[in-house]
Amino acid sequence: MLNKAAFGKEEIYRIIAEETARNRSSNVWAIYARKSRYDPHNPGYSMEIQPDRSEEYARANGAKEIKYFDDAGRSGKNSNRAGLQRLIFDVKAGKIDVVVFHRLDRVFRNLKSLLEFVQLLQSYNVRFVSVTEQLDTHTWWGRLVMVVLGSLAEAYVWQASDNTREGLAKHRSKGLHLGRIPFGYCNGLCSTCNDENGKGYCPLFGGPDRSESKRGQVAVPHPVDRYAILLIFQWYLSGMSFREIAGLLNNHRMTLPDGSEVLFRPRGKRGTMATVNTFPVRNGETPKRFSRESIRAILENPFYTGQVARYRRPQFSLEDDLEHPERISNPKIEGNSREVLELFPGQHEPLISFETWQAVTALRKGKGSTPARLGRPARIYPLSGVARCWECFEMLGKEFTLRGSLGGKGIIYYRCAYLHDHCLKRQRKRAPRVEGVNPVMNSVDQELAEQHKNLRADKVEAQVDQLISKLIVPREWDDWIAAYYLSKDGMAEFERAGYRHRQELQQIRDLFTAGHIALPEFERRTRILQEKLNSLKPASRSDAGNLINEIHPFSEVWRKLTNIEKRQLLDMIFAGLYFDREGRLIRADAYEPFRQLLNLPDDGMLVES
Amino acid sequence: MEIEKLSPAEQQRVVRFAKELAEVFRRIKKDTEKLQAENTPDKIKKKEMAEDVK
C-alpha cells in the first residue's frame, strides 16, 4: 500500500506510467486455435489440446487476462476465418498484448499471409508466440526458422491438393461417380437409406440393399426418379423449354408404369419458393422445386448415358487478403467449366442412350444462348427482395416476392412472383407421353390469379419513403458512422487511439480509491484525460465535416440515395414489406433495433386486414 | 440506444448500417466535388462562349 504523503506529484506520475506500461506489456494474451477438419459429432481432442497447451504457457509466463479465439472447420490457407478476423480487430483496437498458439501451422498454411500477419502484429507492438516451436520473431534466427516452418506448412496444402486430384482421377477412370449421386440414381443401400426422399416416396425404402450397388460404390437407378429423367429428355426433344419442364414436374402428378401416381421430388439444395398446395410439406420445411437450372444441369450431364465425365477444374490458389477476406475471389476456371473434356465408361446402368444425349446436346447448343437483354443497362428496383405479396401470404401462408418490371407504356410495376410463375394464362405446349409415364394435369389456380393486380411502383415506393422517413438514427450511432466514414477500420482505429487514455483513467481511479492522490488532483487529471478522449471521438473530428448534421433527419439522407443504395439499406432494415392487391402497405417486418426506431408494432401490422 | 448494449446480431446489423451510410456519404461528397469541379467560373464562361459561337 502506498502512502500519498510519501510521494510527490512527479512520483505519482511515474507510478502511473509504470503501471500503464506494465499492463500494456504482458497483461492480455490472445489464444488462437484452428482445426480444418472438424466434425461437431466427433470433435476429437485437437480443439481442446491447443488452447490448453497455450493457456499453460501463457499462465506460466505471467498472463493475467486471456482471450480465446478459434476457428473450427476452417482451412489455414487464407484469412477468411471469423475467429482470426476477431483477433485482428482486437489487435488493431489495442486490446491484445501477446498472441499465442500451439503450432505455427495453426495460424496459417500460407507463407505470404503468415509474414503479413507477423508484420501486422509487430506494427501494433503485439508479441507472437508459438508454444511448440518457441519462436522469437525479433531475432534473425527466429525469423529464418519461421519462414522455413511456414513454407513446410504451406507445402502440406499443396501436397493435399495434388493427392486429392490424383485420387479423383483414379476414381473417375474406374467409372465411379464423384461427389453427390446425380438425380435419378441412388446408392442402393436401402436398409440404411437416409435420403430425405426415401420414406413414403421410394417403394424400396427400408428393404434389403441392392446387390448391383456393390455396397454403395456404384450408383443404381432410383425406382421412381429414373422416370423423371426419361420425361425430362423426351420433353426437351419435343421442343419444351427448361422452365416449362420444371413447371410440369413441380405442379403435376405423374402415373408410373405400375399404375401408381407420384409427384417427383428433386434432390439437392432446398428451394426458397413453395409449390402448389398439393405438394406435401414435411416437418414444416419448404419443399424443394425443380428449376430451370436443375433441368439444364440434368440435360447436360452425360452420367445418364452410363459414362463418367471429366470437366475443367480451377487451379489451386492461395490468394489471400489479410484485412479484407471478403475480397478473396473464388479460384477461376479457365475456359468453359461445363465442357466435357473426356468420357470414361461407367459401372452404373444407363438411363438413356448416348444418341439421345447427343441429340439433346445438339438441340441445346443450337438454341441462342445470348440473353435478349444483353447490353442494356440493368434496371434497379429499390423494393426487389424485400417487398412481398400479402394476398399469397394470406391465402397460401407462403412468402412470394414482388418483382419490379417495366410496363409497355414506360410505367414501372411490381408483380407477384407466384402470379408470374404459376397463374398466368399461358398456352402451354402439350407434353408427350413416355413409356406409360403420363402427366395428370391439374388446373392452375385461377382464383388466386384473380386476387392479384400489378402494383404501380410510384404508389408502392411512396409508402416506403413515408415509412422510412420516421426512422430516427440515434445520436449514439453518430460516432460509428463517422468512424467508418473516416477510416476503413471504423471504430477499431479510434478505440485503439483511446486505449491508453482509458487505461490511464482507470489507473487514476484506482490510485484515488486507494487514497494515493487527493481529490483536486484526481479531478484535474480525470478532466484532462476525458477531454483527450472526447477529442478522439470520430463525430467530433473536423475532417468528418458536417456529416453528423446531414444524418439527422434521416429522411433527408434517404432522398439523396440511389436505387441500389436504397435497396441495400431496406434489405438491412426490413425482413419483409407486405403489399396487398391495391398496393397498400399492410405489414412491415423490421429487424431489431430498427423496429423500435421506426416505432412499429410487434407484429408489424400497419393496417387491419 | 448504445451499440454496446445491443445483442451481437443487432450490433452486427447496426455496424453494417453504419458502414453503408458512411459509404453513401463518401459517394455524395465525391459527387458534390465532381459537380463543383465541372462548374468553375472558367468552365461556365467557356460554355457560354461556345453557346454564343453557335
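Those protein sequences? They're chains A and B, same order as listed. Under the numbering used here, residue 1148 is the last one in the first sequence; the count climbs by one each step, no gaps. Under the numbering used here, residue 55 is the last one in the second sequence; the count climbs by one each step, no gaps. Virtual Cβ for every residue (Gly too), placed ideally from N, Cα, C. This one's a predicted model, so the numbers in the text were calculated from it and none came from an experiment.
For the alpha helix (DSSP H) that residue i lies in, which residues bound it at each end?
i, result
"A:S690", "W679 to S712"
"B:K31", "P9 to E39"
"A:E930", "W929 to L935"
"A:A901", "F893 to G905"
"B:A51", "P42 to V54"
"A:R1066", "L1058 to S1074"
"A:Y1038", "M1030 to T1052"
"A:A785", "F781 to N790"
"A:E655", "L650 to S662"
"A:L770", "D764 to L776"
"A:I1090", "L1086 to I1090"
What does residue i touch in chain A if you count any residue whose Cβ is under 8 Å from its own?
i, result
"B:V15", "W1016, W1019 and P1132"
"B:E49", "Within chain A, no residue comes near B:E49; the closest Cβ sits about 29 Å away, beyond 8 Å."
"B:I45", "Within 8 Å Cβ-Cβ: nothing; B:I45 doesn't reach chain A, min ~24 Å."
Where does residue i land, buried or exposed, given buried means 16+ other C-beta within 10 angstroms?
i, result
"A:P819", "Interpretation of A:P819 is limited by its pLDDT of 41, a score under 50 that renders its predicted location unreliable; no figure is taken from the coordinates."
"B:V54", "exposed"
"A:V687", "exposed"
"A:E930", "buried"
"A:P721", "buried"
"A:H580", "exposed"
"A:N617", "buried"
"A:E894", "exposed"
"A:P916", "exposed"
"A:Q661", "exposed"
"A:T703", "exposed"
"B:V15", "buried"
"A:T940", "buried"
"A:Q1005", "exposed"
"A:D578", "exposed"
"A:Q1042", "buried"
"B:A38", "exposed"
"A:R804", "buried"
"A:P1092", "exposed"
"A:H991", "buried"
"A:P1077", "buried"
"A:L623", "buried"
"A:Y850", "exposed"
Mind listing the chain B neighbours of residue i? Cutoff is C-beta to C-beta under 9 Å, in chain order.
i, result
"A:L1086", "A23, F26 and K30"
Span of the beta strand (DSSP E) holding residue i?
i, result
"A:W568", "V567 to K574"
"A:S669", "R666 to S669"
"A:L1109", "From DSSP, A:L1109 is part of no beta strand (DSSP E) but of the alpha helix (DSSP H) over N1102 to I1112."
"A:Q846", "Q846 to R849"
"A:P590", "Taken as a continuous stretch (DSSP letters only), A:P590 belongs to no beta strand (DSSP E), being part of the alpha helix (DSSP H) at S585 to A599."
"A:Y607", "E604 to A611"
"A:S944", "L941 to L945"
"A:D1141", "Neither: A:D1141 is in no beta strand (DSSP E) and is coded neither H nor E."
"A:V999", "Run containing A:V999: none in the beta strand (DSSP E); it sits in the alpha helix (DSSP H), A996 to I1007."
"A:Y952", "I951 to C955"
"A:D629", "Where A:D629 is concerned, there is no enclosing beta strand (DSSP E), although the alpha helix (DSSP H) it sits in stretches over A621 to K631."
"A:D1128", "L1124 to A1129"
Quick test of your reading: residue i and residue j, contact by CB under 8 Å. State the CB separation rounded to the nearest angstrom.
i, j, result
"A:L776", "A:L902", "7 Å"
"A:P841", "A:V879", "6 Å"
"A:D859", "A:S652", "5 Å"
"A:F772", "A:L838", "7 Å"
"A:Y571", "A:R682", "With a Cβ gap of about 20 Å, A:Y571 and A:R682 do not count as contacting."
"A:L1139", "A:L1124", "Rounded, the Cβ-Cβ distance is 11 Å, inconsistent with contact."
"A:E1131", "B:E11", "5 Å"
"A:G946", "A:Y920", "Between A:Y920 and A:G946 the Cβ distance is about 13 Å, and since that is not below 8 Å, they are no contact."
"A:F608", "A:L626", "4 Å"
"A:V668", "A:V637", "6 Å"
"A:T1065", "A:I1087", "At roughly 26 Å, the Cβ-Cβ gap does not stay under 8 Å, so A:T1065 and A:I1087 are not in contact."
"A:P760", "A:G723", "7 Å"
"A:V670", "A:V639", "6 Å"
Residues of chain B with CB under 7 Å from residue i, in chain order?
i, result
"A:Y1023", "A19, K20 and A23"
What does residue i reach in chain C if we use C-beta pairs closer than 9 Å?
i, result
"A:E1089", "Structure shown: chain C not included; protein chains present are A and B."
Output, in chain order, the set of chain A residues within a Cβ distance shorter than 9 Å of residue i.
i, result
"B:E52", "Those within 9 Å of B:E52 in chain A number zero; the least Cβ separation is about 30 Å."
Does the beta carbon of residue i fall short of 6 Å from some heavy atom of the ligand SAM?
i, result
"A:H991", "This structure does not include the ligand SAM; it has no bound ligands of any sort."
Could you please tell me which residues of the stretch 22 to 42 of chain B, in chain order, have their CB closer than 7 Å to any CB of chain A? L22, A23, V25, F26, R27 and I29
Compile a chain-ordered list of the residues in the stretch 839 to 866 of chain A whose CB is closer than 8 Å to at least one CB of chain B. none
Along the stretch 1094 to 1126 of chain A, where does the CB come closer than 9 Å to a CB of chain B? Name the residues. Residues passing the 9 Å Cβ filter: V1096, K1099, L1100, T1101, E1104, Q1107, L1108, M1111 and I1112.
Which residues of the stretch 1001 to 1013 of chain A have a Cβ closer than 9 Å to any Cβ of chain B? Give them in chain order. V1012 and P1013
Closer than 8 Å, Cβ to Cβ, to anything on chain B: give me those residues from the stretch 1027 to 1040 of chain A, in chain order. Using a CB distance below 8 Å, the part of the stretch 1027 to 1040 of chain A facing chain B consists of G1029, ordered along the chain.
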